[in-house]
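One structure is given below, encoded as structure tokens.
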Amino acid sequence: MHFDIFTLFPAMFAGPLDDSIVMRAREAGIISLALHNIRDYAEGKHAITDDYPYGGGGGMVMKPEPIFRAVESVLALAPRWADQPAAAPASQPIPIILLTPQGRRFDQSVALELADHPRIALICGRYEGVDERVRRHLCTDQISIGDFVLSGGELAAMLIVDAVTRLLPGALGAEQGAADDSHATGLLEYPHYTRPPDFRGWGAPEILLSGHHANVQRWRRQQALLRTAQRRPDMLETAWLTDADLAFLARLEQEPELAERYQAGL
Ligand SMILES: C[S@@+](CC[C@H](N)C(=O)[O-])C[C@H]1O[C@@H](n2cnc3c(N)ncnc32)[C@H](O)[C@@H]1O
């Protein structure tokens, strides 16, 4: 999968995408990244990429011309003009995603949807944001990473690259898997323990040391259900639950001491 990232600050990407799972996925050819400096597509001696907002007010707005030019040139799109009919969505198969706090909320299902594309383009805004014509006439999608405002779209782009990459086949290595991750199953993930079995008097649950695979699986499922019921009960409304899950949740409600025992990891 290939990510084209359009930004005024490409240097910000050095580091977070140069290590660990994302870097290994890059080295293995599972993903590739191209950082495109929007300033390189600005005209004139000063390569200006922002200007004062029409109507006044504070801050600057990213100009449309360099962003259109950058995206059209990198994605080899014919420049569009207002008097041309809009292209059919199918004729632009590469999603052109504007990062904005006004977009649809990024979550695991959006990550899965993006992971299906061989190539996506991410546009990072700065200052007060981008000229509205970028959103209306260039972008095919708008994504927010949450109800808060960042100083720029770069951190949002890195977050999307990371979350999407871990979903791609081979990215996590053979021994790991994203299948049990929180949100992948519609539940929060169960707790993890590792060596030593006793740390300062706090033991790891016996069942995890038992080597009994079926019991471990049942314990993990029940812990995931308990966590989700306690921390994110809203998720249970849409999670896919078996009869055994529903019976366990009903027992938790009827027997509060059971929830306490399970919370202690027993
Ligand atoms: C300071 S913000 C502009 C916010 C804009 N004035 C508004 O209120 O909608 C600058 C840039 O950061 C990025 N950004 C900020 N918050 C974001 C979020 N929650 N998700 C994705 N991108 C975000 C966007 O690219 C945005 O253009």
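Just so we're aligned: the sequence shown equals residues 39 to 304 in the working numbering. Beta carbons: idealized from backbone N, C-alpha and C, even for Gly.
Only residues of its own chain outside the window of five on either side were considered, and among them G224 have a CB closer than 7 Å to the CB of T276, listed in chain order. At the C-beta level, I105 and L176 come within 8 Å of one another. When T178, I161 and E166 are compared, the shortest CA-CA separation from A126 is found for T178. Annotation: the continuous alpha helix (DSSP H) that includes H175 extends over E170 to H175.
Shown here, T266 sits in a helix according to DSSP, grouped into three states.
With respect to the C-alpha of P156, the residue from H251, L296, G67 and P271 having the closest C-alpha is G67.
The beta carbon of L136 is closer than 6 Å to those of I161, R173, C177 and Q180 in its chain, skipping five residues each way along the sequence.
DSSP places V148 within a helical segment (H, G or I) once states are collapsed to three. As a beta-bridge residue in DSSP terms, R157 pairs with H40. The beta carbon of A149 lies closer than 7 Å to those of A201, V202 and L205 in the same chain, with the five residues before and after it left out.
Taking a cut-off of 8 Å on C-beta distances, the region 260 to 267 touches the region 294 to 303, as three or more cross pairs fall below it. Excluding the 5 residues flanking it on each side, G96 has same chain C-beta neighbours closer than 8 Å at E166, in chain order.
Counting of Cβ neighbours within 10 angstroms places S182 among the buried residues, the total reaching 16 or more. Excluding residues up to 5 positions away in sequence, I68 lie with their Cβ nearer than 8 Å to the Cβ of P207 in the same chain. Per DSSP, R107 is one residue of the alpha helix (DSSP H) stretching across P102 to V112. With distances taken between CA atoms, P229 lies nearest to A262 out of A262, G141 and F144. Between the C-alpha atoms of V112 and R77 there is a straight-line separation of about 14 Å. Rounded to whole angstroms, the gap between the alpha carbons of F186 and M196 is 16 Å.
With contacts defined by Cβ atoms closer than 8 Å, M98 and Y92 do not form a contacting pair. As the crow flies, the alpha-carbon of W278 is around 30 Å from that of A63. Counting along the chain, A282 sits inside the alpha helix (DSSP H) bounded by residues D281 to Q292. Assigned with DSSP and collapsed to three states, P271 falls in helix. Judged by the Cβ position, Y165 qualifies as a neighbour of ligand 1 at the 7 Å threshold, a heavy atom of the ligand being closer than this. The beta carbons of V109 and F44 sit about 6 Å from each other, so the pair counts as a contact at 8 Å.
Checking the DSSP bridge columns, you'll see G241 partnered with D236. Not one heavy atom of ligand 1 is found less than 7 Å from the C-beta of L176. DSSP links T45 through a beta bridge to N75. With a cutoff of 7 Å, A194 counts as near ligand 1, since its C-beta is closer than that to a heavy atom of the ligand.
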